[in-house]
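Here is the structure we will look at, set down as structure tokens.
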Amino acid sequence: MQQGPIAVFDSGYGGLTVLDKIRQHLPQYDYIYLGDNARTPYGTRSFEVVYEYTLQAVQKLFDMGAYLVILACNTASAKALRSIQQRDLPHIDPAKRVLGVIRPSVEFVGKQTISQHVGIFGTVGTVQSDSYPLEIAKLFPGITVVQEACPMWVPLVENNEFEGEGADYFVRKNINHLLGKDSLIDTIILGCTHYPLLEKKIQQFLPANIKVLSQGEIVSKSLSDYLYRHPEMEEKCSTGGNVHFFTTESVEKFRQTAGVFFKGALNVEHLSL
Ligand code: DGL
1 MQQGPIAVFD
11 SGYGGLTVLD
21 KIRQHLPQYD
31 YIYLGDNART
41 PYGTRSFEVV
51 YEYTLQAVQK
61 LFDMGAYLVI
71 LACNTASAKA
81 LRSIQQRDLP
91 HIDPAKRVLG
101 VIRPSVEFVG
111 KQTISQHVGI
121 FGTVGTVQSD
131 SYPLEIAKLF
141 PGITVVQEAC
151 PMWVPLVENN
161 EFEGEGADYF
171 VRKNINHLLG
181 KDSLIDTIIL
191 GCTHYPLLEK
201 KIQQFLPANI
211 KVLSQGEIVS
221 KSLSDYLYRH
231 PEMEEKCSTG
241 GNVHFFTTES
251 VEKFRQTAGV
261 FFKGALNVEH
271 LSL
């Protein structure tokens, strides 16, 4: 039986927050991580472009031996996942799978909210796609969803400014906007790979009764459930605990910045899409 690593894809570094948690929960598997750092950010790009870039990445990861690709990027999950699953996978290889981060987050939030009012922080692209409200409406039609795009949060994290005072201003501003739209929110999804790094600040400026959900934990538990429910996929995932990183940008740059997102040794190679 042929086996391959589990692939985790992101537009850049942020998906490392998700990979970090996945590895903590499922250390036995091999992983490859691809960051499309040369073309990041995806959050401000059109549907067509995000779809095209994501499909290229998925095809490459399949060529590299993966049977299962996780789109850690919310923007890619929002704008490309459905088309890839429905239109492309049947032609590429029906035995391979691509999973995103939105569905598991939505399943989880439905169990967490008591007030039935949920907030979403995301990139402009994720918010404009309405993927969260649409998915939540399918599973939990009684929940009211309010979204807030936070275009400054990714650059703050990428530039290692997420602990500084500059971040306070933007975090407070977006929190106030969101709660101004709906004061009954009791649960918020951090719907972007980068936002877990701002979680401390977000907690600091939010009323204590509001729960903040980061996706690393949610996605890793959901992956673990998925592999349990799909033994035919689980047996295609190679074990050995190895992680290889690939970036479409410079290896040196990746090594320097990735340390902010991922604790552990970084075995990095360049890759062109
Ligand atoms: N990875 C993206 C996401 O989770 C954020 C960075 C970007 O805009 O590319 O939406």
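Residue numbering for the sequence shown follows the working numbering, starting at 1 and increasing by one per position. Heads up, the beta-carbon is just placed ideally off N, CA and C, and yes, glycines get one too.
How many Å lie between residue i and residue j at the Cα?
i: I114; j: G142; result: 11 Å
i: Y228; j: D93; result: 22 Å
i: Q277; j: I102; result: There is no way to answer for residue 277, as the model of the chain reaches only from 1 to 273.
i: G166; j: C150; result: 14 Å
i: P207; j: M1; result: 52 Å
i: R292; j: M64; result: It is not possible to answer for residue 292, since the shown part of the chain is limited to 1 through 273.
i: K221; j: V106; result: 13 Å
i: G35; j: V109; result: 27 Å
i: K181; j: Q116; result: 15 Å
i: G43; j: L16; result: 17 Å
i: C237; j: P5; result: 6 Å
i: Q3; j: E235; result: 7 Å
i: T187; j: Q112; result: 7 Å
i: F62; j: F262; result: 24 Å
i: V58; j: E52; result: 10 Å
i: E158; j: N37; result: 11 Å
i: H91; j: H244; result: 27 Å
i: V69; j: E199; result: 26 Å
i: Y226; j: R97; result: 11 Å
i: I274; j: A80; result: Absent from the structure is residue 274, since the part of the chain shown begins at 1 and ends at 273.
i: S224; j: G100; result: 14 Å
Less than 7 Å separating the Cβ of residue i from some heavy atom of the ligand DGL?
i: D130; result: no
i: V154; result: yes
Taking the beta carbon of residue i as the centre, do at least 16 other beta carbons fall within 10 Å, making it buried, or is it exposed?
i: T294; result: It is not possible to answer for residue 294, since the shown part of the chain is limited to 1 through 273.
i: P27; result: exposed
i: Y67; result: buried
i: H270; result: exposed
i: L139; result: exposed
i: P231; result: exposed
i: R45; result: buried
i: A76; result: buried
i: N160; result: exposed
i: A95; result: exposed
i: P196; result: buried
i: R23; result: buried
i: P41; result: buried
i: H194; result: buried
i: L184; result: exposed
i: Q215; result: buried
i: A258; result: buried
Kindly examine the ligand PLP and report whether one of its heavy atoms sits closer than 7 Å to the Cβ of residue i.
i: I175; result: Questions concerning the ligand PLP fall outside what the structure shown contains, since the ligands it does hold are the ligand DGL.
Could you check whether the Cβ of residue i sits closer than 8 Å to any Cβ belonging to chain C?
i: Y67; result: The structure shown contains no chain C, having only a single protein chain.
Ordered list of alpha helix (DSSP H) runs contained in the segment 122 to 200, each at least 4 residues | Within the segment 122 to 200, the complete alpha helix (DSSP H) segments at least 4 residues long are 124 to 129, 131 to 139, 153 to 158, 165 to 181, listed from N- to C-terminus.
So which residues touch the region around the ligand DGL, with touch meaning a C-beta under 6 Å from any heavy atom?
-> D10, S11, G12, G14, T40, P41, Y42, G43, C73, N74, T75, T123, T126, V154, C192, T193, H194
Of all the alpha helix (DSSP H) runs that stay within the bounds of the segment 36 to 63, which reach a length of 4 or more residues?
-> Look at the segment 36 to 63 and you find these whole runs of alpha helix (DSSP H), each 4 residues long or longer: 47 to 63.
Complete alpha helix (DSSP H) runs within the segment 242 to 268 (minimum length 4 residues, chain order) = Correct list: 251 to 258.
Complete runs of the alpha helix (DSSP H) confined to the segment 60 to 90 [at least 4 residues] | 74 to 79
Report the residue ranges of all beta strand (DSSP E) runs contained in full by the segment 93 to 122; include only those spanning at least 3 residues, in chain order.
-> Counting only runs of 3 or more, we get 97 to 99, 117 to 122.
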